[in-house]
Amino acid sequence: MAAGGGERTFEVLTWLSERGMVLYVPEIEASTTVPAMPDADVAVRSLIADLTGLDPSAIRCDIRPGRPRGYSGPASFG
């Protein structure tokens, strides 16, 4: 997944919940919520940086609608 310049791209799945938009990162099995999509990129990059130690400026997110197959966890963890 490494790109030029040390950047990493993470797949992010998103769906609506009663708390807003759920953002789930399958690679690190973590999620957060945001009230609306304009907040999604910053929130999910911050989540990934907090959990992996990567520099947020080196994180890229491929945000797509969808829910992971077999996801039975809570609507959000954030």
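Residue numbering for the sequence shown follows the UniProt record's numbering, starting at 1 and increasing by one per position.
Built from N, CA and C at the ideal position, the CB exists for glycine as well.
Please read all numbers here as calculations on a predicted model, not as lab measurements.
Considering only residues of the same chain and omitting the five flanking positions on each side of residue i, which have a CB-CB separation below 6 Å?
| i | result |
| --- | --- |
| VAL44 | VAL12, LEU23 and CYS61 |
| GLU7 | ALA58 and ARG60 |
When DSSP builds the beta bridges, which residues end up paired with residue i?
| i | result |
| --- | --- |
| GLY20 | SER17 |
| ASP62 | GLU11 |
| THR33 | VAL22 |
Buried or exposed: where does residue i fall if 16 or more other Cβ atoms within 10 Å of its Cβ makes it buried?
| i | result |
| --- | --- |
| ALA40 | buried |
| PRO56 | exposed |
| MET37 | exposed |
Closest by CA to residue i, which one among the options?
| i | options | result |
| --- | --- | --- |
| ARG19 | THR33, ILE59 and ILE48 | THR33 |
| ASP50 | PRO35, PRO68 and VAL25 | VAL25 |
| SER17 | SER31, ARG69, GLU7 and ILE59 | SER31 |
For residue i, collect the residues of the same chain with a Cβ closer than 8 Å to its Cβ; drop the 5 residues on either side in sequence, then sort them by chain order.
| i | result |
| --- | --- |
| ARG64 | GLU11, VAL12, LEU13 and THR14 |
If you drop the 5 nearest sequence neighbours on each side, which residues of the same chain put their C-beta closer than 7 Å to that of residue i?
| i | result |
| --- | --- |
| LEU54 | ARG8 and ILE48 |
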